[in-house]
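Each number in this note's numbering corresponds to the 1-based position in the sequence shown with 33 added.
Glycine included, every Cβ here is placed at the ideal spot set by N, Cα and C.
Worksheet for the structure shown next.
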Amino acid sequence: MILMAVESSCDETAVALVEDGRTVLADCIASQVALHRIYGGVVPEIASRKHVEAVCGLADQALKEAGLRRAQIDAVAVTYAPGLIGAVLVGVNFAKGAALALGKPLVPVHHIRGHIAANYLADPELKPPFLALVVSGGHTLIADVKDYTDLEILGSTRDDAAGECFDKVARVLDMPYPGGAALDRTAQGGDPEKYPMPDSVVAGSELDMSFSGLKTAAINRIHNAQQKGEELDVPSLCAGFSKAVCRTLVPRTLRALELTGRKTLAVAGGVAANSVIRAAFTEETAKRGVKLCMPPLSLCGDNAAMIGAQGYYEYLAGNIADQSLNGYATMDVCDRRF
Ligand code: KG4
Ligand code: ZN
């Protein structure tokens, strides 16, 4: 079964063709990052307009790359939540039009479920149940993936997402938006112990997380050095910050593995590209005999192939929408609104 999948929830317009949820036939992405960079973040109005300009051409490009005709598409999957609402609606409306014109089912996909499903593309053997850690620009959560479409959130951030903190700290260090990857590169060779960073505990919840205090501490340390005219060792500050993010993510994820008894961990989302986080999970899961799945860097960030992977399983579960489908800026990963 071939799904055409559409993703437009933030600043990447993407269309992919995916077979049976596991094989990527084409994965086309038009990134707007360079456009938003001059503003230091995504400008929603610009993002929506650029999605409108890019989406049709990307669909044609995907078909061409896969060597397929429109008639060979069996269903159309689309990210319908969460995201910048104007941006989400572009993809939703394109997918509705495509499904109607082709006379094929329309499959709504939650963006975070898509991130988790990037692991189905990376590892053909991966099957639920497993534990998932999603770390992206807008979300940080630990989910028990009981089945392909049955998830339970075990813990999540109470304030900022991990990616948001990487980007804010990077911005104060004058790195171009989105600064997570640049901060990661800068951290190489730094001394993570040089600038102590705080840890946080969410009272009464061992799996919930908080990043805003860490973000503020890192930014204050930078401003403090600037005010005193002190030369900051930027690689060490970045290394210390990355390590502190790991100190929040890793023990909680390991605890969730213990509590659920799951033997497989899938890490997903843009921040799953971080080298310190990847190394920490590789080491800790090996010690415990836990199988670790992490998508290649190309499938960590936003893409449509992951939406096609999850869309396949949503389709099998009968999660099909009609032409009244709407888009939503926020939605719990366990919810369904169609
Ligand atoms: O999943 P994603 O592409 O978009 C959302 O759904 O939010 O995640 C984007 C986030 C950005 O905050 C970006 O800075 C971060 O992922 N990111 C990284 C790295 N690569 C991307 N953060 C830390 N280290 C990286 N190597
Ligand atoms: Zn994302």
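Residue of the options minimising C-alpha distance to residue i
i	options	result
MET37	SER81, HIS84, ALA95	ALA95
ASP241	GLN221, VAL167, GLU263	VAL167
LEU292	LEU187, ALA114, HIS143, ASP183	LEU187
PHE127	PHE199, HIS144, SER41	SER41
ILE106	SER243, LYS179, LYS137	LYS137
ASN352	ASN359, ARG369, ASP365	ARG369
ILE175	SER189, ALA354, ARG321	SER189
PRO77	ALA120, VAL109, PRO229, VAL39	ALA120
LEU135	GLY124, PRO161, ALA108	ALA108
SER308	LYS296, ALA289, ALA272, GLY294	ALA272
MET34	GLY54, GLY171, THR219, ALA49	GLY54
LEU122	CYS367, PHE371, LEU358	LEU358
ILE79	VAL88, LYS248, LEU68	LEU68
ALA251	MET364, LEU282, GLN260, LEU270	LEU270
TYR376	GLN260, ARG70, LYS276, ALA203	Residue 376 is absent from the structure shown; the chain starts at 34 and stops at 371.
ILE310	THR281, VAL366, ARG254	THR281
SER81	ILE71, ALA92, GLY73, SER64	SER64
SER238	ARG288, TYR72, ALA87, CYS43	ARG288
THR318	SER331, LEU330, LYS296	LYS296
LEU164	ALA155, GLY170, LYS179, GLY322	LYS179
Check: residue i C-beta below 7 Å from any heavy atom of ligand 2
i	result
HIS148	yes
HIS143	no
Anticipated Cβ contact below 8 Å, residue i with residue j, distance rounded
i	j	result
PRO157	GLY222	Wrong, their Cβ atoms sit about 36 Å apart, outside the cutoff.
ASP177	LEU184	7 Å
GLY344	VAL48	With a Cβ gap of about 12 Å, GLY344 and VAL48 do not count as contacting.
LEU50	ALA99	5 Å
TODO: Please determine if the region 137 to 152 and the region 328 to 339 are in contact, where contact requires at least 3 C-beta pairs separated by less than 8 Å.
DONE: yes
Open item on the list: Under 5 Å, CB to any heavy atom of ligand 1. Which residues pass, going along the chain?
Closed with: SER169, GLY170, GLY171, GLY196, PHE199, ASP200, PRO211, GLY213, ALA214, ASP217, GLY302, GLY303, VAL304, ALA306, ASN307, GLY334, ASP335
Open item on the list: Tell me whether the region 210 to 218 and the region 226 to 233 touch, counting them as touching only if at least three CB pairs, one residue from each stretch, are closer than 8 Å.
Closed with: no
TODO: Would you check if the region 254 to 272 and the region 116 to 131 touch, i.e. whether three or more CB-CB distances between them fall below 8 Å?
DONE: no
Open item on the list: Under 8 Å, with one C-beta from each stretch per pair, do the region 348 to 364 and the region 309 to 327 reach the 3-pair mark?
Closed with: no
- [ ] Take every Cβ of the region 290 to 307, pair it with every Cβ of the region 197 to 214, and state whether three or more of those distances are shorter than 8 Å.
- [x] yes
Open item on the list: Can you confirm whether the region 353 to 367 touches the region 106 to 117 when touching is taken to mean that 3 or more C-beta pairs between the two stretches lie within less than 8 Å?
Closed with: yes
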